[in-house]
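S.K.: At position 34 of the sequence shown (counting the first as 1) the number is 17 in the numbering used here, and the numbers step up by one without a gap.
Note that beta-carbon positions come from the ideal geometry of N, C-alpha and C, so glycine has one too.
The structure displayed is predicted, hence computed values, not measured ones.
Provided herewith is a single structure, encoded as structure tokens, for subsequent inquiry.
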Amino acid sequence: MSISQTNSNTLFARAQQSIPGGVNSPVRAFKSVGGSPIFIKEAKGAYLYDADGNKYIDYINSWGPMILGHAYEPVVNAICDRAKLSTSYGAPTELEIEMAELICSMAPGVDMVRMVSSGTEACMSAVRLARGYTGRNKIIKFEGCYHGHADAFLVKAGSGLATFNIQTVPGVPASVSDDTLTAPYNDLEAIETLVRNNKDQVAAIIIEPVAGNMGCIPPSKGFLEGLRSVCDREGIVFIFDEVMTGFRLAAGGAQELLGIRADLVTYGKVIGGGLPVGAFGGRREIMQHIAPLGNVYQAGTLSGNPIAMIAGYTMLKTLKDDPSIYTKLTDTTQKLHQELDKVFAPSGIPYVINRVGSMISLHFSSKPVTNFADAASADNTLFNKFFHAMLQAGIYLPPSAYETWFISTAVSEADVQATLQAAAAFVKQYQA
Ligand code: HOZ
């Protein structure tokens, strides 16, 4: 029996009249997995409720930020209280200092931080800063990593570009993309070659320290350390895009979990507790080139917005004050991982589960998935079937094999069991 999607289908038809593709971010359209998207009415804790009244266990969690589950009461209350004092001033507040101090106290090596409104803006600004600081133009990014939709990053990018197989983006001038060099993830040799061939021209290496936009792909042993050495040797700014990993993998993000320091770090949705926020920060010596201290210009009316700041502050403070949250996140995700292994291992279906902390993904692949080429060669048609089988069973996974599942503390043992039952039913159906 299939779930009713009548109201979602009606909303999708209506949305397509006034919104390109009916969605405000492409992956949501379900275009690659097929079918039409469900429209969400509300969410609480681990669950999403759609326009037809169906309930789903949520493994997207707004692509990361809902670490404590949906509608986490202290965050909601803080937003409501603060909104009564007006929603935007375009002038500085004490709250912004408290937020900056909190981030600097949690994130290793972040001496100063500038708030922006999205992860795209954070990465775009960090690269501009690296270019201004070094006086060089080229940057290196990794195939399958996604750093938002600024022109310079839409080269061999993951997430929606991988999902829809968009190789070249009309509107991005070659004069911009030519300065973006790419290498396979986990390939240090390729970096050495690029750096050698572009001596003294590379401003920055930007990386997701745990890749999350081609499914979840961990850095192999020594890879990030190797990049750190190359950057030190060549005067290149090392940028960690922690839009997904920041404050999720540990209070100090991937830097803390993996024990490696970047020069600049970018953050996104997580630090707004689900509101539109981003930030970039790092070493004082570099950050002081940002206007009005220096001439690297960057600005925004809604930067440091009080509603976003109070939401983010309340969530980050909770994460800072209660380290057991990370234990719970990891335990739940590890349990899910181990139990999914028990479902898939005896089935004969080739599969790979990659996991770091509370980020996890499943590729239907017969070989390890360590870079974009591996992710692309997996059986993504089978993933699409899996996605729909899970959705029908009330499990909401990302609608693409190139995305990561994010676990929240609200996910219970019973939710994990329900997820495993749905996966087992899929396997049974596949084998029938
Ligand atoms: N690019 C996001 C995930 N990597 C998807 C954002 C969204 O659709 O909300």
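For a test of the three-state rule: what should DSSP assign to G416, helix, strand or coil?
M.R.: Because the chain spans -16 through 415 in this model, residue 416 falls outside it and cannot be assessed.
S.K.: What are the complete beta strand (DSSP E) segments, minimum 3 residues, inside the segment 184 to 260?
M.R.: With a minimum length of 3 residues, the continuous beta strand (DSSP E) runs that stay inside the segment 184 to 260 are 185 to 190, 220 to 224 and 247 to 250.
S.K.: With DSSP collapsed to three states, give me the class of T165.
M.R.: For this step, residue 165 is matched to residue 182 along the sequence shown. In this structure, T165 counts as strand in the three-state DSSP scheme.
S.K.: Spatial neighbours of D324 within its chain, please: C-beta separation below 6 Å, excluding the five flanking residues on both sides.
M.R.: Sequence index remark: in the sequence shown, residue 324 carries index 341 (1-based). No residues qualify anywhere along the chain.
S.K.: Short check: CB of I332 to CB of V220, under 8 Å?
M.R.: Working through the sequence shown from its first residue, we reach residue 332 at position 349. Working through the sequence shown from its first residue, we reach residue 220 at position 237. No; because the gap between Cβ atoms is not below 8 Å, this pair is not in contact.
S.K.: So is the beta-carbon of R338 under 7 Å away from any non-hydrogen atom of the ligand HOZ?
M.R.: Residue mapping note: residue 338 aligns to position 355 of the sequence shown, counting from 1. No; taking the cut-off as 7 Å, the Cβ of R338 has no heavy atom of the ligand HOZ nearer than that.
S.K.: Looking at the unbroken alpha helix (DSSP H) that takes in M436, where does it start and where does it end?
M.R.: Only positions -16 to 415 of the chain appear in the structure, and residue 436 is not among them; the question remains open.
S.K.: Provide the residue(s) that pair with E25 in DSSP beta bridges, ordered along the chain.
M.R.: The residue given as residue 25 occupies position 42 in the sequence shown. Paired residues: Y32.
S.K.: Would you give the residue range spanned by the alpha helix (DSSP H) that V59 belongs to?
M.R.: The residue given as residue 59 occupies position 76 in the sequence shown. Taken as a continuous stretch (DSSP letters only), the alpha helix (DSSP H) holding V59 covers E56 to A66.
S.K.: Would you say the beta carbon of N196 comes nearer than 7 Å to a heavy atom of the ligand HOZ?
M.R.: Counting from one through the sequence shown, the residue named residue 196 turns up at place 213. Because some heavy atom of the ligand HOZ lies under 7 Å away, the Cβ of N196 counts as near it: yes.
S.K.: Tell me whether W46, by its Cβ, gets closer than 7 Å to a heavy atom of the ligand HOZ.
M.R.: The residue you call residue 46 lines up with position 63 of the sequence shown. Yes.
S.K.: Could you tell me which residues DSSP puts in a beta bridge with D41?
M.R.: Position 58 of the sequence shown, counted from the start, is the residue given in the question as residue 41. D41 is bridged to Y379.
S.K.: So who's on the other strand from S344, going by DSSP bridges?
M.R.: Position 361 of the sequence shown, counting from 1, holds the residue named residue 344. Its beta-bridge partners are N337.
S.K.: Pick helix, strand or coil for R97, following the three-state DSSP scheme.
M.R.: For the purposes of this step, residue 97 is taken as the residue at position 114 of the sequence shown. Strand.
S.K.: Kindly list the residues whose CB is nearer than 8 Å to the CB of L164, restricted to its own chain and excluding five residues on each side of it in sequence; keep chain order.
M.R.: Within the sequence shown, numbered from 1, the residue matching residue 164 stands at position 181. Excluding sequence neighbours, L164 sits near K121, I122, I123, K124, L177, N181 and V185.
S.K.: Does the segment 34 to 52 come within contact of the segment 239 to 248, defined as at least 3 CB pairs closer than 8 Å?
M.R.: The segment 34 to 52 is not in contact with the segment 239 to 248.
S.K.: Quick one, are the C-beta atoms of G102 and G340 less than 8 Å apart?
M.R.: The residue you call residue 102 lines up with position 119 of the sequence shown. The residue you call residue 340 lines up with position 357 of the sequence shown. Going by C-beta atoms, G102 is not nearer than 8 Å to G340.
S.K.: Could you tell me which residues DSSP pairs with K121 in its beta bridges?
M.R.: Translated into positions along the sequence shown, residue 121 becomes position 138. According to DSSP, which records beta bridges pairwise, K121 is partnered with V185.
S.K.: Once the 5 residues before and after D398 are set aside, which same chain residues still bring their CB inside 7 Å of it?
M.R.: The count along the sequence shown starts at 1 and reaches residue 398 at position 415. Within the same chain, D398 has close Cβ partners A29 and I40.
S.K.: Does the Cβ of E225 lie closer than 7 Å to at least one heavy atom of the ligand HOZ?
M.R.: On the sequence shown, position 242 is the one that residue 225 refers to. No, the beta carbon of E225 sits no closer than 7 Å to any heavy atom of the ligand HOZ.
S.K.: Hey, how far is the Cα of A361 from the Cα of V335?
M.R.: By 1-based counting over the sequence shown, the position of residue 361 is 378. By 1-based counting over the sequence shown, the position of residue 335 is 352. The alpha-carbon atoms of A361 and V335 are separated by roughly 9 Å.
S.K.: Taking 7 Å as the cut-off, is the CB of R231 close to at least one heavy atom of the ligand HOZ?
M.R.: Position 248 of the sequence shown, counting from 1, holds the residue named residue 231. Because no heavy atom of the ligand HOZ lies under 7 Å away, the Cβ of R231 does not count as near it: no.
S.K.: Give a single yes or no on whether S142 has its beta carbon closer than 7 Å to a heavy atom of the ligand HOZ.
M.R.: Mapped onto the sequence shown, residue 142 falls at position 159. Because some heavy atom of the ligand HOZ lies under 7 Å away, the Cβ of S142 counts as near it: yes.
S.K.: With distance defined between alpha-carbon atoms, name the residue in K368, I378, A415 and A358 nearest to S142.
M.R.: Stepping through the sequence shown from its first residue, residue 142 is reached at position 159. Nearest of K368, I378, A415 and A358 to S142, Cα basis: A358.
S.K.: DSSP on A157, reduced to helix/strand/coil?
M.R.: Stepping through the sequence shown from its first residue, residue 157 is reached at position 174. In the structure shown, A157 sits in a helix (DSSP, three-state: H, G or I).
S.K.: Rank T313, Q317, I290 and T228 by C-alpha distance to the C-alpha of T76 and give the top, closest one.
M.R.: Your numbering for residue 76 matches position 93 in the sequence shown. For the residues T313, Q317, I290 and T228, the minimum Cα distance to T76 belongs to I290.
S.K.: Given a threshold of 16 other Cβ atoms within 10 Å of its Cβ, counted over all protein chains shown, does D33 qualify as buried or as exposed?
M.R.: Walking along the sequence shown from the start, residue 33 turns up at place 50. So D33 counts as buried.
S.K.: Mind the definition here: the segment 275 to 289 touches the segment 39 to 55 only if three or more C-beta pairs lie below 8 Å; say whether that holds.
M.R.: Contact between the segment 275 to 289 and the segment 39 to 55 is absent, because fewer than three Cβ pairs lie under 8 Å.
S.K.: Tell me whether R11 counts as near the ligand FAD, meaning its Cβ is closer than 7 Å to at least one heavy atom of that ligand.
M.R.: Absent from the structure shown: the ligand FAD. Ligands present: the ligand HOZ.
S.K.: With a threshold of 7 Å, establish whether the CB of Y72 neighbours any heavy atom of the ligand HOZ.
M.R.: Looking up residue 72 in the sequence shown gives position 89. False, no ligand heavy atom lies under 7 Å from that Cβ.
S.K.: Within 7 Å: the Cβ of E386 and any heavy atom of the ligand HOZ?
M.R.: As a first step, residue 386 must be located in the sequence shown, where it is residue number 403. Yes, the ligand HOZ has a heavy atom inside 7 Å of this Cβ.
S.K.: With a cut-off of 8 Å on the beta carbons, I'd call S476 and T387 a contact; round off their distance for me.
M.R.: Because the chain is modelled from -16 through 415, residue 476 falls outside the range shown and cannot be assessed.
S.K.: By DSSP, does G131 sit in helix, in strand, or in coil?
M.R.: Position 148 of the sequence shown, counted from the start, is the residue given in the question as residue 131. G131 falls in the coil class under three-state DSSP.
S.K.: Which residue or residues does DSSP assign as beta-bridge partners of A262?
M.R.: Taking the first residue of the sequence shown as position 1, residue 262 is located at position 279. BP columns for A262 point to M98 and Y250.
S.K.: What's the C-alpha gap between Y168 and D64?
M.R.: As a first step, residue 168 must be located in the sequence shown, where it is residue number 185. As a first step, residue 64 must be located in the sequence shown, where it is residue number 81. If I take the Cα positions, the gap works out to 44 Å.
S.K.: In the DSSP assignment, what residue or residues form a beta bridge with F389?
M.R.: The count along the sequence shown starts at 1 and reaches residue 389 at position 406. Paired residues: M342.
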